[in-house]
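Peer 1:
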Amino acid sequence: MNKTIIVSNRLPLQIKLNNDKLEVVPSVGGLATGLKSVHADGNGIWIGWSGLTEEELDDNLKSLVKQAVKKEKCEAVSLTQDDIDNYYLGFSNKTLWPLFHYFMEYTEFEHEQWQAYKRVNEKFAEVVLEHIEDGDTVWVHDYQLLLLPKLIKDKKPNTSIGFFLHIPFPSYEIFRTFPWREEVLDGMLGADLLGFHTYDYERHFLSSVKRIMRLEVNFNEISMADRTIKVDSFPMGIDYNKFHNAALAHLNQDESQKSELQKRLDDHIQSDADTKLVLSIDRMDYTKGIPNRIRAFEYFLNKYPEFKEKVRLIMLAVPSRSDVPQYKKLKRETDELVGRINGQFATVSWTPIWYYYRSMPFENLIDLYTSSQVALITPIRDGMNLVAKEYIATRTNGHGVLVLSEMAGASKEMNEALLINPNNFEQIADTLKIALEMPEAEQSRRLHILQKRLKRYSVEKWADEFMSSLNSTKKYRETSITR
Ligand code: GDG
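Below, the structure is given as structure tokens:
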């Protein structure tokens, strides 16, 4: 029986070493949910890094990891600390991530890291090739594995290969500066179907293919000597029911079921019914526009002083890539800004910003989403932004306003949100005021349309559509061979 092999940098598992004992917990992230049915189907497997380096594992632990991972229908790619330093923290996060998010000034072009990136993509290919059989389908994910489609295609030309990029694809003018632009495009073009979150990313990619590789592009198809590659947009959705139902259950909680955080949020609401909460949740990443948002909030408090003591910004920033210098700098800058604004505006009974630098369990995310009247999401660039969608899904009481950066892929499907340019403080401040004063009927009208759309285009649907499009490229190839 043919199977589907999913490949991503990390496996959808949390593997922890506790006094030489292994703890394996399947992760519940959006991607894992979306791909659940693809992964569960028949002999499907998921290939990726376990999160533990070779140096952390002796032979005994290595075989324990192998068994534990296998039980979850996964296969681990073994990586050394040097691989992680140069391929992951290095090339992926210091070159591709900033370049693809238009942060040229943060982009490093290091030959050694490029070599590590190639080497690790080959390690992934080896594991895939060990498990692949004729007729199988492979779905490769994200910017860490741009070379993998070709590495598989060269060895197994009859395999159907799909690739999905979770981050933006930059415009040609940015991409052309990249020293290894041909190799990377060539790697991606090993796929039969290439998927992006938005039509713009797709267009940018096709433009680079045309101008750098000099290939013929017809609408959304690329003609190669031996086959045709399809390129399309598949905006990723969320597990709508999970968020919506969790929020509904949350409405019916009695006091004893409430979390400490929820009690604190309730105290805040009860102490002054007019005070509103404005929420932001992101990984601590310079693409997410965190300092911009804080400065815009400061500007808002200065421009509209009547909101002092009436609004609080709750900011959850989840630690991420904290070994990379730019992320350290961002953390320092955020700490300073929050300190300055709280110091400047706080009164005996009010602190303008509640700032959490940590990750929280799912239940607390629901506490935050359901307690906040406004979500303020202001990335400078973002492939999609699932937080914006999750906020909408949890607004079960018919109220809530989303203020969203037009630089997030999600903005393309969320016209009923209040869209802003994240670099325009004045616009953010004015829009925040509009959001806080929006009549309830208008909030409901917008929410209703957004919710209907998100429910229909869930993450499961996203995965289904990608897979059926990939299957149709396979059928097309088969009929062209027999023709
Ligand atoms: C990349 C692209 C694209 C956040 N804090 C906590 C927590 N989260 C969850 C959210 C959400 C996810 O993490 C974040 O997803 P985003 O899409 O907002 O952002 P990235 O991590 O940058 O993801 C992005 C995405 O890939 C998918 O293609 O949308 O553009 O950059 O689901 O709920 N979850 C828990 N605790 C937290 O503290 N449990």
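Each residue of the sequence shown is one higher than the one before, starting from 71 at the first, in my numbering.
Cβ atoms here follow ideal geometry from the backbone N, Cα and C, with glycine treated the same way.
Note that the structure is predicted; figures quoted are calculated from it, not measured.
#1: Hey, would you say the C-beta of residue 431 is under 7 Å away from at least one heavy atom of ligand 1?
#2: For ligand 3, any of its heavy atoms closer than 7 Å to the Cβ of residue 93?
#3: Less than 8 Å between the C-beta atoms of residue 462 and residue 476, yes or no?
#4: Pull up the distance between the alpha-carbon of residue 502 and that of residue 429, whole angstroms please.
#5: Can you tell me whether residue 324 is buried or exposed? The criterion is at least 16 other CB atoms within 10 Å of its CB, across all chains shown.
#6: Against chain C, with Cβ distances strictly below 8 Å, would residue 520 count as a contact?
#7: Going by beta-carbon coordinates alone, are residue 454 and residue 472 separated by less than 8 Å?
#8: Find out if the Cβ-Cβ distance for the pair residue 248, residue 460 is shorter than 8 Å.
#9: Evaluate residue 518 with the Cβ neighbour count: other Cβ atoms within 10 Å of its Cβ, from every protein chain shown; 16 or more gives buried, anything less gives exposed.
#10: At a cut of 8 Å, does the segment 421–428 reach the segment 404–413 through at least three beta carbon pairs?
#11: Beta carbon of residue 529, beta carbon of residue 352: below 8 Å?
#12: Within the same chain, show all residues whose beta-carbon is closer than 7 Å to that of residue 510, passing over the 5 residues directly before and after it, in chain order.
#13: Leaving out the 5 sequence neighbours to the left and right, which residues in its chain are closer than 8 Å to residue 535 when beta-carbon positions are compared?
#14: To the nearest angstrom, report how far apart residue 553 and residue 298 are at their CA atoms.
#15: Quick check: what's the CA-CA separation for residue 115 versus residue 198?
#16: Quick test of the definition: if touching needs 3 or more C-beta pairs under 8 Å, does the segment 206–226 touch the segment 252–270?
#17: Within 7 Å: the Cβ of residue 452 and any heavy atom of ligand 1?
#18: Just checking my contact of residue 555 with residue 346 at CB under 8 Å: how many whole Å lie between their CB atoms?
#19: Can you give, in chain order, each stretch of the alpha helix (DSSP H) that sits fully within the segment 408–443 and has at least 4 residues?
#20: Using the rule of at least 16 other Cβ atoms within 10 Å of the residue's Cβ for burial, across every protein chain shown, is residue 85 buried or exposed?
#21: Could you check where the alpha helix (DSSP H) with residue 171 kicks off and where it finishes?
#22: How is the alpha helix (DSSP H) around residue 130 delimited, first residue to last?
#23: Compare the C-alpha of residue 271 against each of 495, 478, 493 and name the closest.
#24: Kindly provide the ranges of any beta strand (DSSP E) runs that are 3 or more residues long and lie completely inside the segment 476–530, ordered along the chain.
#25: Leaving out five residues before and five after residue 109 in sequence, what residues of the same chain have Cβ atoms less than 7 Å from its Cβ?
#26: If distances are taken between C-alpha atoms only, which option among 250, 93, 266, 203 comes closest to residue 232?
#27: Using the Cα positions of residue 268 and residue 423, report the straight-line distance between them to the nearest angstrom.
#28: Looking at the unbroken alpha helix (DSSP H) that takes in residue 103, where does it start and where does it end?
#29: Return yes when the Cβ of residue 255 is within less than 8 Å of the Cβ of residue 300, no when it is not.
#30: Which value, in whole angstroms, describes the spacing of the CA atoms of residue 182 and residue 150?
#31: Which parts of the segment 179–266 are runs of the alpha helix (DSSP H), unbroken and 4 residues or longer, counting only runs that do not cross its ends?
Peer 2: With the structure as the only source:
#1: Taking the first residue of the sequence shown as 1, we reach residue 431 at position 361. Yes; taking the cut-off as 7 Å, the Cβ of residue 431 has a heavy atom of ligand 1 nearer than that.
#2: Only ligand 1 can be found as ligands here, which leaves ligand 3 out of the picture.
#3: The residue you call residue 462 lines up with position 392 of the sequence shown. The residue you call residue 476 lines up with position 406 of the sequence shown. The answer is no: Cβ separation not under 8 Å.
#4: Along the sequence shown, read from residue 1 onward, the residue named residue 502 stands at position 432. Along the sequence shown, read from residue 1 onward, the residue named residue 429 stands at position 359. Spanning the two alpha carbons is a distance of roughly 26 Å.
#5: Taking the first residue of the sequence shown as 1, we reach residue 324 at position 254. The Cβ neighbour count for residue 324, taken over all protein chains shown within 10 Å, is under 16; the residue is labelled exposed.
#6: Protein chain content of the structure displayed is limited to a single chain, and chain C is not contained in it.
#7: Residue mapping note: residue 454 aligns to position 384 of the sequence shown, counting from 1. Residue mapping note: residue 472 aligns to position 402 of the sequence shown, counting from 1. No, these two residues do not count as a Cβ contact at 8 Å.
#8: As a working mapping, residue 248 is identified with position 178 in the sequence shown. As a working mapping, residue 460 is identified with position 390 in the sequence shown. Cβ atoms of residue 248 and residue 460: not closer than 8 Å.
#9: Along the sequence shown, read from residue 1 onward, the residue named residue 518 stands at position 448. Residue burial is scored here from C-beta neighbours: residue 518 has fewer than 16 other C-beta atoms within 10 angstroms and is therefore classed as exposed.
#10: Between the segment 421–428 and the segment 404–413 there are three or more inter-stretch CB-CB distances shorter than 8 Å, so the stretches are counted as touching.
#11: As a first step, residue 529 must be located in the sequence shown, where it is residue number 459. As a first step, residue 352 must be located in the sequence shown, where it is residue number 282. Cβ atoms of residue 529 and residue 352: not closer than 8 Å.
#12: Taking the first residue of the sequence shown as position 1, residue 510 is located at position 440. Excluding sequence neighbours, residue 510 sits near 469.
#13: Locating residue 535 in the sequence shown gives position 465, counting from the first residue. Once the five neighbours on either side are set aside, the close Cβ partners of residue 535 are 304.
#14: Translated into positions along the sequence shown, residue 553 becomes position 483. Translated into positions along the sequence shown, residue 298 becomes position 228. Note that residue 553 has pLDDT 49, beneath the 50 cutoff, so the model's placement of it is unreliable and the number below is only indicative. Distance between the alpha carbons of residue 553 and residue 298 is about 15 Å.
#15: Indexing the sequence shown from 1 puts residue 115 at position 45. Indexing the sequence shown from 1 puts residue 198 at position 128. Spanning the alpha carbons of residue 115 and residue 198 requires a straight line of approximately 10 Å.
#16: Cβ pair count under 8 Å is three or more, so yes.
#17: Position 382 of the sequence shown, counted from the start, is the residue given in the question as residue 452. It does: the Cβ of residue 452 is within 7 Å (strictly closer) of some heavy atom of ligand 1.
#18: Residue numbering for the chain in the displayed model covers 71 to 553; residue 555 lies beyond these limits and cannot be assessed.
#19: 432–441, all fully within the segment 408–443.
#20: Along the sequence shown, read from residue 1 onward, the residue named residue 85 stands at position 15. By the 10 Å Cβ count, residue 85 comes out buried.
#21: One-based indexing of the sequence shown puts residue 171 at position 101. Per DSSP, residue 171 lies in no alpha helix (DSSP H) segment and is marked neither H nor E.
#22: The sequence position of residue 130 within the sequence shown is 60, counting from 1. For residue 130, the uninterrupted alpha helix (DSSP H) run begins and ends at 129–141, by DSSP.
#23: Counting from one through the sequence shown, the residue named residue 271 turns up at place 201. Nearest C-alpha to residue 271: 478.
#24: The segment 476–530 contains these whole beta strand (DSSP E) runs: 488–490.
#25: Position 39 of the sequence shown holds residue 109. Here the set comprises 76, 116, 143.
#26: Reading the sequence shown from its first residue, position 162 is the one you call residue 232. Per the Cα distances, 266.
#27: The count along the sequence shown starts at 1 and reaches residue 268 at position 198. The count along the sequence shown starts at 1 and reaches residue 423 at position 353. Spanning the two alpha carbons is a distance of roughly 33 Å.
#28: In the sequence shown, residue 103 corresponds to position 33, counting from 1. 100–104 is the extent of the alpha helix (DSSP H) around residue 103.
#29: Along the sequence shown, read from residue 1 onward, the residue named residue 300 stands at position 230. Along the sequence shown, read from residue 1 onward, the residue named residue 255 stands at position 185. No; because the gap between Cβ atoms is not below 8 Å, this pair is not in contact.
#30: The residue given as residue 182 occupies position 112 in the sequence shown. The residue given as residue 150 occupies position 80 in the sequence shown. Going by C-alpha positions, residue 182 is about 15 Å away from residue 150.
#31: If we require 4 residues or more, the alpha helix (DSSP H) runs fully inside the segment 179–266 come out as 181–201, 218–225, 242–245, 251–258.
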